[in-house]
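Chains A and B supply the protein sequences, listed in that same order. For the first sequence, this note's numbering begins at 128 and goes up steadily by one. For the second sequence, this note's numbering begins at 128 and goes up steadily by one. All C-beta atoms, glycine included, are put in the ideal place defined by N, C-alpha and C. These numbers were taken from a predicted model, which means no experiment stands behind them. Below: one structure, written as structure tokens.
There are 2 protein chains.
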Amino acid sequence: MNYHTLIEPELIDTAEFIKKYWRSHVIILFLNCQVKYSGRAESFLEYGDRILMIKPDGTLLIHGQSKREPINWQPPGSTIVIRVNDKVLVIRSIRPHPREEIIISSPVVYVAAAFKCTKGKFLLWGSESEMVDFLIKHPEIFEKGIKFIGKEVQTPYGKVDLVGEDSKGRFVIFEFKRSIAQLQGVSQLKRYVDYYTKLRKDIRGVLVAPNITSSALRLLKEYGLEFLRLQPVKRMTAIYRVKE
Amino acid sequence: MNYHTLIEPELIDTAEFIKKYWRSHVIILFLNCQVKYSGRAESFLEYGDRILMIKPDGTLLIHGQSKREPINWQPPGSTIVIRVNDKVLVIRSIRPHPREEIIISSPVVYVAAAFKCTKGKFLLWGSESEMVDFLIKHPEIFEKGIKFIGKEVQTPYGKVDLVGEDSKGRFVIFEFKRSIAQLQGVSQLKRYVDYYTKLRKDIRGVLVAPNITSSALRLLKEYGLEFLRLQPVKRMTAIYRVKE
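Pasting the structure below:
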């Protein structure tokens, strides 16, 4: 069976339910609870009705009435410990590195459910890697005479998406962003350009994205870097179009 | 009632259920579905059993068996359109700016639930803002003679956490990170220091965090910037301790 549900279960039954299914199913509880978190910071969430999700990989999410982000969470690799203590269900989630702990205390569970999800192929178009491949296939979009030397080149400051050499023999460092390029993207490119400048003179840096914020463009110009607008065409084929 | 559930509902009943509750409750469906996304990129998720969450603020999340991140998602402010079409439940979620659309097609819904979450006070200790306030109260942690000029100072390249002036009259720019400082944090600080260098000579830049990666520390030193280790004490009080 790919799902199981309990309506207004006893706490002890909820504990058994979680122990039975959490390694094979995604557990969802709708419950009244308070949440304490300690680790890199500390937080405390007062009693209220919330949605708890526990996945077989150890992921734990506590969702409230609004927002994309969970109120509290633990990443995959966390461990679950469950007990019932004096009419309170206590669910502890422990992340080993860095040590972080979430303690959920619940006097009432309204609904407990266990859902076994299946895998399905996930295909993504318009990724940064596709943009890189498109530019490699169509070098004239950047400029005549550019030759590409390497993809995903490791440096002490991160992986450079694409490195080329222009017709004058200058290295060209490309950093790709699949949506609007921000200040961080400019700084990232600058780090790579600074690094290559120590090895060789006259390094060019190019930020490639469908768009760029005005503050990022200003910073890019100040640093003497370049922008190439590359727009994924909105179709289920990996075709790109250059707009500028 | 703060929750409602349907087990193996007809598609038409599921559609009515969502329409009835999604503005007041968080909807959770366990269903077989495929998912198409188009917007800044394009993606396609093949048919499989998954968990769909829709919140009253328009947030939509599709979760699978593992990982913290949803497979697909839309942010708050998105709009839901539901219809039943030739034995398929079609749920469209539209984000207006930038235009992005998710289309979920489901031939089978196993469980539909509506949960009304409540608010509870959420308290966070060890935030960046608390670290800033602690340093302001204990300037000697940094060095004797430092005077703080302003918090959250707006620049064209973002908000500077804290600006001070040292005993020699030099500006000191502080950037705080509540967990391990990474390359991005160094670049962010460098942007601010570069900006202030245009206005005034001899700018010092200080990255404040509980820890720093080795590559970030290397870059920091190359840029001539400083690191201050500030560690939140693991207690429910906002006490900090400097380790180095």
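Please list the partners that residue i has in chain B, where partner means a Cβ-to-Cβ separation under 8 angstroms.
i, result
"Phe144/A", "Those do not exist, as Phe144/A stays about 15 angstroms from chain B at its closest Cβ, beyond 8 angstroms."
"Val238/A", "Tyr130, Thr132, Ala240, Phe242"
Measure how close the beta-carbons of residue i and residue j come, nearest whole angstrom, since I'm counting them as under 8 angstroms.
i, j, result
"Leu187/A", "Ser220/A", "4 angstroms"
"Ser342/B", "Leu310/B", "6 angstroms"
"Ser170/B", "Leu250/A", "6 angstroms"
"Arg222/B", "Gly204/B", "7 angstroms"
"His190/B", "Met180/A", "7 angstroms"
"Thr132/A", "Val238/A", "7 angstroms"
"Lys304/A", "Ala336/A", "4 angstroms"
"Pro283/A", "Tyr322/A", "7 angstroms"
"Ile209/B", "Cys160/B", "About 13 angstroms separates the two Cβ atoms, so there is no contact after all."
"Glu401/B", "Asp288/B", "Because chain B spans 128 through 371 in this model, residue 401/B falls outside it and cannot be assessed."
"Pro225/A", "Arg195/B", "At roughly 15 angstroms, the Cβ-Cβ gap does not stay under 8 angstroms, so Pro225/A and Arg195/B are not in contact."
"Gly253/A", "Arg167/B", "7 angstroms"
"Thr141/A", "Leu262/A", "Not confirmed; about 54 angstroms, so no contact."
"Trp149/A", "Ile207/A", "6 angstroms"
Using a C-beta to C-beta distance shorter than 8 angstroms, which residues of chain C count as neighbours of residue i?
i, result
"Ala336/B", "Of the protein chains in this structure, namely A and B, none is chain C."
Closer than 7 angstroms by beta-carbon distance: list the chain B residues that pair up with residue i, in chain order.
i, result
"Leu251/A", "Ala168, Ser170"
"Gly272/A", "Correct list: empty, because the minimum Cβ distance to chain B is about 30 angstroms."
"Ser232/A", "Within 7 angstroms Cβ-Cβ: nothing; Ser232/A doesn't reach chain B, min ~12 angstroms."
"Ser254/A", "Ala168"
Name the chain A residues that come within less than 7 angstroms of residue i, Cβ to Cβ?
i, result
"Pro283/B", "Ser342, Arg345"
"Leu310/B", "Tyr284, Gly285, Arg318"
"Lys248/B", "Glu173"
Give the residues of chain A in contact with residue i, contact being defined as C-beta atoms less than 9 angstroms apart.
i, result
"Val153/B", "Phe157, Ile178, His190, Gly191, Gln192, Ser193"
Could you tell me which chain A residues have their CB closer than 8 angstroms to the CB of residue i, listed as they occur along the chain?
i, result
"Ile134/B", "Thr132"
"Thr324/B", "By Cβ distance, chain A contributes nothing, its closest Cβ being about 11 angstroms from Thr324/B, past 8 angstroms."
"Arg305/B", "Arg167, Ala168"
Check the Cβ of residue i against every Cβ in chain B and list those closer than 9 angstroms, keeping chain order.
i, result
"Gln315/A", "Leu310, Gln311, Ser314"
"Thr245/A", "Asn159, Tyr174, Gly175, Asp176, Arg177, Gly191, Gln192"
Taking the alpha carbon of residue i as the reference point, which residue from the options has its own alpha carbon closest?
i, options, result
"Asp260/B", "Ile139/B, Lys147/B, Leu357/B, Tyr130/B", "Leu357/B"
"Leu158/B", "Tyr284/B, Tyr174/B, Ala168/B", "Tyr174/B"
"Trp200/B", "Val162/B, Leu216/B, Arg331/B, Met258/B", "Val162/B"
"Leu334/A", "Glu292/A, Pro266/A, Gly291/A, Ala308/A", "Ala308/A"
"Leu102/A", "Leu262/A, Arg177/A, His265/A, Lys214/A", "Because chain A here runs from 128 to 371, residue 102/A falls outside it and cannot be looked at."
"Lys264/A", "Asn212/A, Gly291/A, Glu353/A", "Gly291/A"
"Arg327/A", "Val280/A, Ser165/A, Gly296/A, Leu352/A", "Gly296/A"
"Thr245/B", "Lys243/A, Leu216/A, Ile198/A, Asn212/A", "Ile198/A"
"Ile273/A", "Glu257/A, Glu279/A, Asp140/A, Val299/A", "Val299/A"
"Pro266/A", "Glu279/A, Ala241/A, Phe301/A, Val280/A", "Phe301/A"
"Tyr130/A", "Ile276/A, Lys243/A, Tyr164/A", "Lys243/A"
"Tyr350/A", "Ser314/B, Arg345/B, Gly351/B", "Ser314/B"
"Lys182/A", "Thr340/A, Asp176/A, Lys146/A, Ser165/A", "Lys146/A"
"Glu255/B", "Glu143/B, Ser306/B, Asp140/B, Asp329/B", "Ser306/B"
"Asn338/A", "Leu355/A, Leu346/A, Leu347/A, Ala241/A", "Leu355/A"
"Asp329/B", "Leu347/B, Leu352/B, Arg345/B", "Leu352/B"
"Ile229/B", "Leu346/B, Ser165/B, Leu156/B, Gln281/B", "Ser165/B"
"Arg345/B", "Arg331/B, Gly312/B, Asn212/B", "Gly312/B"
"Arg177/A", "Leu172/B, Glu135/B, Ile154/B", "Ile154/B"
"Glu257/B", "Ala240/B, Ala241/B, Lys278/B", "Lys278/B"
"Tyr241/A", "Leu172/A, Leu347/A, Phe144/A", "As written in the sequence, residue 241/A is Ala, which differs from the Tyr given in the question. It is Phe144/A."
Say yes only if the C-beta of residue i is nearer than 7 angstroms to one or more non-hydrogen atoms of the ligand MN, and no if none qualify.
i, result
"Ala142/B", "Of the ligands one can find in the structure shown there are none, so the ligand MN has no counterpart to examine."
Margin query: Taking beta-carbon pairs under 8 angstroms, can you tell me which members of the stretch 167-193 of chain A lie near chain B?
Written below: Arg167, Ala168, Glu169, Ser170, Phe171, Leu172, Glu173, Tyr174, Gly175, Asp176, Arg177, Ile178, Met180, Lys182, Pro183, Asp184, Thr186, Leu188, His190, Gly191, Gln192, Ser193
Notebook entry, point to check: When you check each C-beta in the stretch 195-220 of chain A against every C-beta of chain B, which residues fall closer than 7 angstroms?
Noted result: Arg195, Ile198, Trp200, Pro202, Pro203
Item checked: Complete runs of the beta strand (DSSP E) confined to the stretch 224-254 of chain A [at least 3 residues] -> 227-242, 249-252
Next item on the list: For the stretch 171-234 of chain B, list the beta strand (DSSP E) runs that are entirely contained and at least 3 residues long, ordered along the chain.
Entry: 187-190, 199-201, 206-212, 215-222
Note to self: I'd like the ranges of any beta strand (DSSP E) spanning at least 3 consecutive residues and lying wholly in the stretch 135-176 of chain B.
What the structure shows: For the stretch 135-176 of chain B, the full-length beta strand (DSSP E) segments reaching 3 residues or more read 153-165 along the chain.
Check: Of all the alpha helix (DSSP H) runs that stay within the bounds of the stretch 324-356 of chain B, which reach a length of 4 or more residues?
Finding: 341-349
Next item on the list: May I have a chain-ordered list of the alpha helix (DSSP H) segments no shorter than 4 residues that lie completely inside the stretch 257-295 of chain B?
Entry: none
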